[in-house]
Amino acid sequence: MKHSGKPGRDTRKRILDAAEYLFSHNGFHRTSIKQLASEAKVNLAAINYHFGSKMALIEKVIERQLRPINQQRVERLAAIRQTAARKGCRPLAEDLLHAFIEPAFTINTQMQERRYLLALAGRAFSETDTAIRTIFINQFKPPFMLLFQAMREALPDLPEDVLLWRLHFAIGAMTHCMRLCSVDSPSADLCPQADDSETQVKMLMEFVTRGICTPYQPVEKRSKRR
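Under my numbering, the letters of the sequence shown match residues 4 to 229, in that order.
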């Protein structure tokens with residue numbers, strides 16, 4: 004039998020794979036260390052050796068899902084800002100939004116991986132334990148704040164609070180497309196199907212770009228009836 008020579012790395016990956024599967028299906032708190040060990044086919048000591056604690060394992064699982072997406076987001080956003088600064092002009096809002104949105108569709112090309120990411124995000128925000136929610140937010144916040152800062156440069160006339168709301172609406176639209184408009188989603192028959200992720204991103208970009216870049220018109224508040 005030929006060995007890879009990296010048993011420690013293989014064990015670590017098996018634990019992460021098992022944790023990703025169990026956390027996304029059962030939730031973080033409903034998954035025990037014993038279940039993780041059984042799914043990964045390792046002993047309990049191996050989980051403690053490689054990760055130290057269950058919370059540290061949760062953090063690594065979330066990081067593994069988000070890191071490649073966020074890394075590409077940061078690199079692309081930084082490149083757009085640098086190019087604009089070199090040319091002495093503002094970055095284009097559409098370019099910035101594309102740099103943030105597209106990696107979510109192109110990095111996780113496998114539908115199963117995309118389901119895991121969305122399930123983990125949903126679990127993180129529905130858990131009563133704020134520590135898990137904080138882990139997810141800490142992973143998402145740096146690229147999001149970089150997008151926000153760059154969009155302020157692109158759209159200086161848009162009030163900051165309005166821009167922030169519109170970016171959240173865009174994230175919501177992106178998540179909806181990833182989760183509900185997938186081919187194997189129970190709601191797939193309610194959604195028009197795109198031939199590929201590139202087409203889906205293009206249509207999503209047209210929608211969010213117009214929504215975010217529309218000039219702001221203050222909402223006229225109705226006076227309360229006495």
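For glycine and all other residues, C-beta sits at the position ideal for the given N, C-alpha and C. Since we're looking at a predicted model, the values are computed, not measured.
Opening and closing residue of the alpha helix (DSSP H) in which residue i lies
i	result
Arg225	From DSSP, Arg225 is part of no alpha helix (DSSP H); its letter is neither H nor E.
Pro106	96-109
Leu149	133-157
Pro162	It is not in any alpha helix (DSSP H) - Pro162 carries neither H nor E in the DSSP assignment.
Arg67	57-90
Asn51	47-54
Phe210	200-216
Glu42	36-43
C-beta contact flag for residue i and residue j at 8 Å
i	j	result
Ala96	Cys180	no
Ala59	Arg17	no
Glu54	Ile135	Just to set this straight, residue 54 is Phe in the shown sequence, not Glu. No, Cβ-Cβ distance for Phe54 and Ile135 is not below 8 Å.
Ala124	Phe139	yes
Ile210	Ala157	For the sequence presented, residue 210 should be read as Phe rather than Ile. Not closer than 8 Å, so no.
Pro106	Ile72	yes
Phe26	Ile61	yes
Val45	Leu149	no
Leu80	Ala102	yes
Whole-number beta carbon distance between residue j and residue i, since they are thought to touch under 8 Å
i	j	result
Leu19	Ile104	Not quite, the Cβ-Cβ distance comes to about 26 Å (not below 8 Å), so this is no contact.
Tyr219	Pro162	6 Å
Leu69	Ala153	Leu69 to Ala153, Cβ: 19 Å. No contact.
Ile110	Pro94	Contact doesn't hold; Cβ gap of about 22 Å is too wide.
Lys57	Ile36	6 Å
Leu167	Phe151	7 Å
beta-carbon residue i near the ligand GTP non-hydrogen atom, thresh 7 Å
i	result
Arg70	The ligand GTP is not among the ligands present in this structure, which contains no ligands whatsoever.
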